[in-house]
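See below for the structure under consideration.
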Amino acid sequence: MSERKDFLPEKALEEICSGFGLKRARLSELDAFENFVFDCGETILRVTHRSHRLADQVKAEIDWTDFLKANGFGVVTSQPSPSGERIVQTHDKEFLGVLLPRAQGRSVHGMENSALWTPELFRLWGKTVGRLHSTTRNYQPSGPRRHHWHEDRYLSNWPTYVGTNYPHLQSPWQELIGQLQDLPRTQNNYGLIHCDLHSKNFFVNGDSLQFFDTDDSHYNWFIYGVATIFLSVAHNPICRDDPPAFVKNFARHFLAGYRSEFRLANSEVGRLPLFLKLRQYLLLGAVLHKWDFHKLEGEKLRLVERFRRDSEAEGFPLGFSSDDWLGVLDVKHREHREHKG
4 MSERKDFLPE
14 KALEEICSGF
24 GLKRARLSEL
34 DAFENFVFDC
44 GETILRVTHR
54 SHRLADQVKA
64 EIDWTDFLKA
74 NGFGVVTSQP
84 SPSGERIVQT
94 HDKEFLGVLL
104 PRAQGRSVHG
114 MENSALWTPE
124 LFRLWGKTVG
134 RLHSTTRNYQ
144 PSGPRRHHWH
154 EDRYLSNWPT
164 YVGTNYPHLQ
174 SPWQELIGQL
184 QDLPRTQNNY
194 GLIHCDLHSK
204 NFFVNGDSLQ
214 FFDTDDSHYN
224 WFIYGVATIF
234 LSVAHNPICR
244 DDPPAFVKNF
254 ARHFLAGYRS
264 EFRLANSEVG
274 RLPLFLKLRQ
284 YLLLGAVLHK
294 WDFHKLEGEK
304 LRLVERFRRD
314 SEAEGFPLGF
324 SSDDWLGVLD
334 VKHREHREHK
344 G
């Protein structure tokens with residue numbers, strides 16, 4: 004496979020625009036981490052290099068979002084080109100594009116929207132994720148499938164990008180992966196999930212959420228999808244005054260909404276700290292995969308250092324104690340000890 008590509012040639016962009024009937028001059032680039040994303044007015048163009056996703060992987064993403072849309076979810080899925088293609092590739096297959104309708108509703112992200120961060124939002128958020136996990140149990144790909152957790156490139160490349168720069172993290176990383184590989188996988192605890200449903204990736208549209216950015220969707224334990232959300236909330240400036248207290252309150256309401264749609268077993272919920280640690284490791288892996296470790300400075304350096312500290316921290320994530328977790332997650336002490344032992 005080609006090396007990771009951080010530059011989009013103008014010729015490639017023009018070729019993809021032509022395939023979708025778009026005028027290049029009317030596009031404005033948006034901030035994005037893994038893809039090249041452009042505002043096209045009523046639509047969003049996402050361009051991907053083959054080092055990040057191959058065409059079959061994007062086809063699998065579209066198949067899943069079509070399934071969710073057919074099951075009543077407010078999910079953004081790609082729209083066809085004038086010739087009926089859902090994916091437009093450059094002639095050399097190095098880049099591919101998908102055209103997405105603009106999401107409907109209101110963003111809740113950012114300090115300017117802090118008044119929207121209410122128990123009602125938290126329960127709706129949890130309710131949406133719970134129904135998503137319940138529904139995806141019945142999903143069967145009609146063609147190519149999305150990757151499983153252990154096939155994720157940030158995980159497979161972690162020893163190269165993180166282990167070589169922070170060798171002291173190699174042993175705890177390997178121990179964590181070993182624990183995960185031993186976990187049971189069933190239809191009721193494992194499936195294709197969004198994996199990145201934080202506050203930047205959905206809008207509130209009436210009494211429902213419309214979510215987007217399904218590029219990171221893959222097969223994982225359902226509780227990992229919850230862990231990614233909890234960690235994103237802990238890092239959100241909205242809760243900067245007292246992150247542990249804010250996350251505890253968020254978790255209670257979120258899980259109440261989640262359980263109203265899907266009763267994930269307590270034995271699964273009790274593994275949340277394990278998957279929070281996985282997420283912390285993968286965030287460090289993602290930024291070191293993207294950025295040159297030896298050229299870090301400014302905000303990039305500060306972000307890497309924060310992710311490093313999170314990865315190094317022992318004990319329970321987010322500043323919680325054992326009793327904190329048991330209270331928030333409503334898990335019995337006996338069950339928790341079983342997971343530790």
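Here the working numbering is used: the first residue of the sequence shown is 4, the next is one more, and so on.
Backbone N, C-alpha and C define an ideal beta-carbon position, used for all residues, glycine too.
All figures in this text were calculated on a predicted structure; none of them were measured in a lab.
Closer than 9 Å to chain B by CB, G166: This model lacks chain B altogether; it includes just one protein chain.
Bridge partners - E2, DSSP secondary structure assignment: Nothing can be reported for residue 2, as the shown portion of the chain is limited to 4 through 344.
Collapsed DSSP secondary structure at H112 in the structure displayed: Coil at H112, not helix or strand.
Rounded straight-line distance, which links the Cα of E264 to that of V101: Taking the straight line joining both Cα atoms gives about 31 Å.
Three-state secondary structure assigned by DSSP to R274: The answer is coil: DSSP assigns R274 none of H, G, I, E or B.
Where Q92 sits in the DSSP three-state scheme: Strand, per DSSP.
Buried or exposed by the 16-neighbour rule on C-beta atoms within 10 Å, applied to R49: It is buried - the Cβ of R49 has at least 16 other Cβ atoms within 10 Å.
K96, buried or exposed, once every other Cβ within 10 Å from all chains shown has been counted against 16: By the neighbour-count criterion, in which a residue is buried when 16 or more other Cβ atoms sit within 10 angstroms of its Cβ, K96 is exposed.
Endpoints, the alpha helix (DSSP H) within which V50 is located: Element bounds for V50: not the alpha helix (DSSP H) but the beta strand (DSSP E), T46 to H52.
For L25 and P85, the rounded distance between their alpha carbons: The C-alpha of L25 is placed about 10 Å away from the C-alpha of P85.
C-beta contact flag for I47 and T139 at 9 Å: For I47 and T139, no; Cβs fall outside 9 Å.
Nearest candidate by alpha-carbon position, reference P104, set T93, L135 and V78: Comparing Cα-Cα distances from P104 to each of T93, L135 and V78, the minimum goes to V78.
Close-in-space but distant-in-sequence residues of the same chain around N168 (CB under 7 Å, 5 per side omitted): Result list for N168: L291 and F296, in chain order.
Beta-carbon spacing of I226, R305 below 9 Å: No, the pair does not count as a contact, with Cβ atoms beyond the cut-off.
Pairwise C-alpha distance: G194 and N223: Taking the CA atoms as reference points, N223 sits about 6 Å from G194.
M114 versus T51: straight-line alpha-carbon distance, rounded: Approximately 30 Å, taken between the alpha carbons.
Cβ-Cβ distance between G108 and V40 below 9 Å: Against a cut-off of 9 Å, the Cβ pair of V40 and G108 comes out as no contact.
Three-way DSSP call (helix, strand, coil) for E362 in this model: The shown model of the chain, from 4 to 344, leaves out residue 362, and the question about it has no answer.
Environment of G318 [buried if 16+ CB atoms lie within 10 Å]: Classification for G318: exposed.
Whole-number beta carbon distance between Q60 and H150, since they are thought to touch under 8 Å: The beta-carbon distance between H150 and Q60, rounded to whole angstroms, is 7 Å. This is short enough to meet the 8 Å contact definition.
Rounded C-alpha distance that separates K347 from F36: Residue numbering for the chain in the displayed model covers 4 to 344; residue 347 lies beyond these limits and cannot be assessed.
Cross-strand partners of P162 (DSSP beta bridge): Bridge partners of P162: none, in fact.
For V78, the three-state DSSP class (helix, strand or coil): Strand at V78.
Reference N160, options N141, Q143 and H55, closest by Cα: Minimum Cα distance to N160 is reached at H55.
Rounded distance between the beta-carbons of F205 and L135, thought under 8 Å: Contact between L135 and F205 is ruled out by a C-beta separation of about 11 Å, above the 8 Å threshold.
Residue of F98, I65 and F10 minimising C-alpha distance to C20: C20 has its Cα closest to that of F98, out of F98, I65 and F10.
C-alpha distance - E302 paired with T217, whole-angstrom precision: Going by the C-alpha atoms only, they are around 26 Å apart.
Identified DSSP bridge partners for P104: Bridge partners of P104 according to DSSP: T46.
G344 to N252 span [Cα, whole Å]: Reliability fails at G344, whose pLDDT of 41 lies under 50, so the model's placement of it is uncertain and no value is given.
Euclidean distance between Cα positions of W128 and V91: The alpha-carbon atoms of W128 and V91 are separated by roughly 33 Å.
C-beta atoms of A63 and P144 nearer than 9 Å: Contact annotation: A63 and P144 have beta-carbon atoms nearer than 9 Å.
Where F214 sits in the DSSP three-state scheme: Reduced to three states, the DSSP call for F214 is strand.
Cβ neighbours of D199 in the same chain (closer than 7 Å, five flanking residues each side left out): D216, D219 and T231.
Endpoints, the alpha helix (DSSP H) within which K67 is located: The question names Lys, but residue 67 is Trp in the sequence shown. Start and end: A58 to A73.
CA-to-CA distance, I241 to P122, given in whole angstroms: Answer to the nearest angstrom: the Cα atoms are 14 Å apart.
Residue closest to F278, alpha-carbon to alpha-carbon, out of H256, K14, G209 and W176: Looking at the Cα atoms, W176 is the closest of the given residues.
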